[in-house]
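Participant:
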Amino acid sequence: MWAKQEAISPGLRRVLRTFKGYLPYIKNTFIYHHLTNGALEGINHKIKVLKRNAYGYRNFSHFRNRILLICKLYVPYTVPSTSLVA
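The sequence shown lines up with residues 381 to 466 when you count with my numbering.
1. Round the Cβ separation of tyrosine 437 and phenylalanine 443 to the nearest angstrom and send it over; I've been treating them as touching at under 8 Å.
2. With DSSP run on the structure shown, which of helix, strand or coil describes serine 389?
3. With a Cβ-Cβ cutoff of 8 Å, do isoleucine 427 and isoleucine 447 count as a contact?
4. Going straight from the alpha carbon of leucine 430 to that of tyrosine 457, what length do you get?
5. Below 8 Å between beta carbons: does that hold for cysteine 451 and isoleucine 411?
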């Protein structure tokens with residue numbers, strides 16, 4: 381190595397140590413580059429816009445239900461109908 385270890389500043393040494401600690405995660409970004417958190421970021425954005433436009437809800441349950449409806453995560457519970465066919 382052409383640079384002595386003492387010649388490296390403490391700040392740069394800390395940066396290099398941080399990179400070394402995160403190296404497996406950095407490698408994963410190149411291996412699994414097709415994976416993204418875009419869908420989750422989209423849901424977060426919808427929630428923030430809903431919260432900004434809502435001017436407050438009466439209670440958290442109403443706000444939660446509205447989030448589920450907007451993000452299409454609400455699955456209504458349907459009661460199975462009984463057939464009257466004899």
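Built from N, CA and C at the ideal position, the CB exists for glycine as well.
Facilitator: In short:
1. To locate residue 437, count along the sequence shown from 1; it is residue 57. To locate residue 443, count along the sequence shown from 1; it is residue 63. At roughly 4 Å, the Cβ-Cβ gap stays under 8 Å, so tyrosine 437 and phenylalanine 443 are in contact.
2. Stepping through the sequence shown from its first residue, residue 389 is reached at position 9. Of the three classes helix, strand and coil, the one that applies to serine 389 here is coil, per DSSP.
3. Numbered from 1 along the sequence shown, position 47 holds the residue referred to as residue 427. Numbered from 1 along the sequence shown, position 67 holds the residue referred to as residue 447. Yes, these two residues count as a Cβ contact at 8 Å.
4. Sequence index remark: in the sequence shown, residue 430 carries index 50 (1-based). Sequence index remark: in the sequence shown, residue 457 carries index 77 (1-based). Taking the straight line from one Cα to the other gives about 24 Å.
5. Within the sequence shown, the letter at position 71 stands for residue 451. Within the sequence shown, the letter at position 31 stands for residue 411. The answer is no: Cβ separation not under 8 Å.
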